[in-house]
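First comes the structure, then the notes that go with it.
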Amino acid sequence: MVYNPQKIERKWQRVWEEAGIFKTSDKIKGKKNFYHLVMFPYPSGDLHIGHWYNFAPADVYARFKRMQGFNVMSPIGFDAFGLPAENAAIKHGIHPKTWTYKNIERMRKQLKSMGTIYDWQREIITCDPDYYKWTQWLFLQFYKAGLAYRAKVPANWCPSCKTILANEQVIEGKCERCDSDVLQKEIEQWLFKITDYAEKLLKDLDKLDWPERTKTMQKNWIGKSEGYEIKFSSIPVFTTRLDTIFGCTYLVLAPENPIIEKLKNKITNYQEVKRYIEKSKKKTERERLSEAKEKTGVEIKGVKAINPANGEKIPIWMADYVLIGYGTGAIMAVPDRDERDMEFAKKYNLPIKKTRLVDSKKIAKKVKGKKITNYKLRDWVISRQRYWGVPIPMVKCQKCGWVPVREKDLPVLLPTLKDFRPTGKGKSPLAKSKKFVQTKCPKCKELAERETDTMDTFVCSSWYYLRYTDPKNKKKFADPKKLKAWLPVDMYIGGAEHTVMHLLYARFFTKALQKLGILDFSEPFLRLRHQGIILGPDGQKMSKSRGNVIDPDIQVKKYGADAVRMYLCFMGPYDQGGPWQPRGIVGIARFLDKIFNFQFSIFNDQNSKLKKLLHRTIKKVTEDIENFRFNTAISALMILVNEMQKQKGLEPEVRPTLLKLLAPFAPHFAEELWSSFAKASEDKHFDIKNSVHNQKWPKYNPKLIKEEMITLIIQVNGKVRAKTETEAGISKEKAKELALSCEKVRKWTEGKKIKKIIFVPDKLINIVI
RNA sequence: GCGGACGUGGUGAAAUUGGGAAACACUUAGGAUUUAGGAUCCUAUGCCGAAAGGUUUGUGGGUUCGAGUCCCACCGUCCGCACCA
2 MVYNPQKIER
12 KWQRVWEEAG
22 IFKTSDKIKG
32 KKNFYHLVMF
42 PYPSGDLHIG
52 HWYNFAPADV
62 YARFKRMQGF
72 NVMSPIGFDA
82 FGLPAENAAI
92 KHGIHPKTWT
102 YKNIERMRKQ
112 LKSMGTIYDW
122 QREIITCDPD
132 YYKWTQWLFL
142 QFYKAGLAYR
152 AKVPANWCPS
162 CKTILANEQV
172 IEGKCERCDS
182 DVLQKEIEQW
192 LFKITDYAEK
202 LLKDLDKLDW
212 PERTKTMQKN
222 WIGKSEGYEI
232 KFSSIPVFTT
242 RLDTIFGCTY
252 LVLAPENPII
262 EKLKNKITNY
272 QEVKRYIEKS
282 KKKTERERLS
292 EAKEKTGVEI
302 KGVKAINPAN
312 GEKIPIWMAD
322 YVLIGYGTGA
332 IMAVPDRDER
342 DMEFAKKYNL
352 PIKKTRLVDS
362 KKIAKKVKGK
372 KITNYKLRDW
382 VISRQRYWGV
392 PIPMVKCQKC
402 GWVPVREKDL
412 PVLLPTLKDF
422 RPTGKGKSPL
432 AKSKKFVQTK
442 CPKCKELAER
452 ETDTMDTFVC
462 SSWYYLRYTD
472 PKNKKKFADP
482 KKLKAWLPVD
492 MYIGGAEHTV
502 MHLLYARFFT
512 KALQKLGILD
522 FSEPFLRLRH
532 QGIILGPDGQ
542 KMSKSRGNVI
552 DPDIQVKKYG
562 ADAVRMYLCF
572 MGPYDQGGPW
582 QPRGIVGIAR
592 FLDKIFNFQF
602 SIFNDQNSKL
612 KKLLHRTIKK
622 VTEDIENFRF
632 NTAISALMIL
642 VNEMQKQKGL
652 EPEVRPTLLK
662 LLAPFAPHFA
672 EELWSSFAKA
682 SEDKHFDIKN
692 SVHNQKWPKY
702 NPKLIKEEMI
712 TLIIQVNGKV
722 RAKTETEAGI
732 SKEKAKELAL
742 SCEKVRKWTE
752 GKKIKKIIFV
762 PDKLINIVI
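2 is the number of the first residue of the first sequence in the numbering used here; add one for each residue after it.
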């Protein structure tokens, strides 16, 4: 018999699908529900090896949990709205919708070839009206609760994508998607009040089983700091170091600070001030960042502020190193204590004064300071001036102002536009469709206009994990009973790049919906694990131009899906990723081949070495999968198989147990051998109910993993000089005797005085001379 | 600059609480089998050495009977934040 993975895999995928063995029901008697979730993919066109690395080891975990007796739900869907679909569609001259659904079709096929346990009946696609109807509904709930509001705020404008971006989507002053320099622009926008939840988002991190670095990054992003707000004359200032107030020698305002406009009449150099304001407005975010080393500023002449601590008159300056969006947009400068203030003071010859530290609380009382907590987190701008997204369900009426669309009129359908390209004028292409724009006011029924901006895609992905529990519900976004049955998510797996975007937004949504009484839990994802990034064989990021892309389809053709799954698990720690080694997968292929062609005979020996190894392997594989150490789990299986080969016969339980342990990693392979094994041993037709995947995960016998014989390490002065086999539980005295009788040891100890003996039971003895 | 993670053979990597460094693979070499190639099996494979033995976890120091693991300094890589007062 030759191991032919392609044939086997196709066969079993068909059998499983027909039998529906991976369909999930909301309740199974005697089983606990386990919600296992992978971050849903963006329908980019082809499944690349990175997707496989996300989904395959995750599927190993899901299958493992399933065999452990949990009722596992592992759903999949597509995060289908967003800029890339539009950009690709523009490039290829097709409609984003056509492009998206074509890609989904293709990716579905590829996903199925992986042999995952996804329940396809729960599939969701965020650009389906059946889905985004509820995205709009949730927006309306937020609006009613005051969590969605409209405001003219300075926001990040990407001139290439021609839309506003959230702070989280600007990386080093550049657009997260296209790398263009981002400009500051003031437009009226819809925002979500995520800042209301800053404290809760920060505090609740403590109760999550998430990677530490991810929690730290969220903490830093939220950026809490406590301090005081005090007034210098009429100018409020925020400081965390009120104790340094006696060293304050001048004030600095942000150029955008509205106080400057109010002081206009008193300012003697207003022209100069205005020029500076205009200049800093024109700078891109990145220019401001790159100029960070060289500070600039202008004195606001004609006005002075008074330091409330000592009554001193001090000058007021304006500089763009002070940010309008943080604190009060004004600082008290203490050059003696603050490097930045010192640099500025030196450049412009401002006074520098040695400060004496005082008690913050006392001085706060004296200067009437208010205790204030500030966060770096800003409200989430969700308006996008682009076509391929969820229409914001709001109507602007001349008489009534902004009015929400009535719930029964949802969804507000995204019109099919021929020209869907962004306009660049600060309005979405939807504004070009009269049919879409013209509507009646839901309140007064007069003619009115629809909002034409669409929502940030991250809104769609902030709640998709809720919809999976009840994806076809037409009356509710999800049935409360079903939500209760599954949520919160027990295990969430995906890339670390979503740390301050998706993962933060989803947490905010959950908290907001809890407050609205829609959900009864406060955190969506209890446990989180990240996968690393797979690099090309050359150790570089995979890219078409470098020609180092590994196509999973080709690997599957060559070695089979099971080998690809297993190799991805075997290559190293899951969160580390690393280069794909073309030769590496060969080792896995050989391993599977070896098992497939294994010739064996059965015999009984309750205490055989192999049986003990088997139970140790069960223990190791179980613990390793639970801890996402797939690589060492596989190496343990390899050790077992190597030992099996050395033995002349097998204990009856060895083979079936090995197949169970292999089942999560190589599901088709294990099923094939399991079925032929079942047929042979029971001489009846294999029944899918007895599938290896419906077997109970093996348990180890604690008695069998206890060692009776150990290898005692004998050290002299901490150096290994000998090893000896001896029975477990040997006493210190006996061990000493044994050690000193060793010829190799005597060579080192002869004629020397023993100072000390260190004995570690069942492990080692160290003779110090 | 600040914060975090990390640094182990030719390669991917292992290594409970400080206790055998390099498990498991890949690669390479030699051998068996084979018409040949491939596949498979056996042996070897950190470095120096014929061997005995010595030596090895980025560098330097420290704690300890004993350090890849703990502490200090430095070098390097990666990630995140980036004037947040």
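Beta carbons are placed, not taken as given, at the ideal position from N, Cα and C, and that holds for glycine.
When we look at the beta-carbon of residue i and count the other beta-carbons within 10 Å, is it buried (16 or more) or exposed?
i	result
A20	exposed
Q439	exposed
G578	buried
E452	buried
P97	buried
C445	exposed
E10	buried
C249	buried
N695	exposed
A729	exposed
Which residues does DSSP list as the beta-bridge partners of residue i?
i	result
A334	Y251
G578	I534
Q515	Bridge partners of Q515: none, in fact.
A152	Q190
E227	T374
N157	L166, Q185
H37	M492
T240	Y229
G31	Partner(s): none; G31 has no beta bridge.
P405	M395
I172	K175
A146	According to DSSP, A146 bridges with nothing at all.
F56	The partner list for F56 (beta bridge, DSSP) is empty, contrary to what the question assumes.
W318	V253, E300
L765	I714, V761
I195	Beta-bridge pairing links I195 to no other residue.
Less than 7 angstroms separating the beta-carbons of residue i and residue j?
i	j	result
R722	K745	yes
N775	W487	The structure shown does not extend to residue 775, since the chain is modelled only from 2 to 770, so the question has no answer here.
K470	L484	The sequence given here has Thr at residue 470, not Lys. A contact, by the Cβ cut-off of 7 angstroms.
D244	V359	yes
K296	F345	yes
M333	V274	no
Q532	N55	yes
D120	F23	yes
V413	P392	yes
W381	I195	yes
G561	P6	yes
L641	L674	no
Leaving aside the five residues before and after residue i along the sequence, list all residues of the same chain whose C-beta is less than 7 angstroms from its C-beta, in chain order.
i	result
L593	Y4, D563, A564, A667, F670
K620	Y701, I706
W403	R151, M395, K397
D205	S523, E524
R617	I706
K753	I770
W53	M115, P553, V565, L569
V16	I689
Q541	R547, N549
Take residue i and list the residues in its own chain whose beta-carbon comes closer than 6 angstroms to its own, dropping the five residues that flank it on each side.
i	result
F65	I626, P665
A81	P44, T101, I126, T127, C128
G537	M543, N549
In its own chain, which residues sit with a C-beta less than 8 angstroms from the C-beta of residue i, not counting the 5 before and 5 after it?
i	result
T99	A90
I29	N72
D539	R547, N549, P580
Please indicate yes or no: does the CB of residue i lie closer than 6 angstroms to some heavy atom of the ligand FMN?
i	result
T297	Because no ligand of any kind appears in the structure shown, any question about the ligand FMN cannot be addressed here.
Please go through the stretch 650-735 and give each complete alpha helix (DSSP H) segment of 4 or more residues, from N-terminal end onward.
655-663, 668-683, 703-706
Whole alpha helix (DSSP H) runs in the stretch 433-501 with 4 or more residues, listed along the chain?
435-438, 458-461, 465-468, 481-487
Minimum length 4: unbroken alpha helix (DSSP H) runs contained in the stretch 608-654:
610-627, 631-647
Enumerated in chain order, which unbroken segments of the beta strand (DSSP E) with a length of 3 residues or greater are wholly contained in the stretch 332-384?
371-376
Note down, one range per segment and in chain order, each beta strand (DSSP E) of at least 3 residues found wholly within the stretch 538-603.
578-580
Could you pull out every unbroken beta strand (DSSP E) segment of at least 3 residues lying fully inside the stretch 60-134, listed in chain order?
72-74
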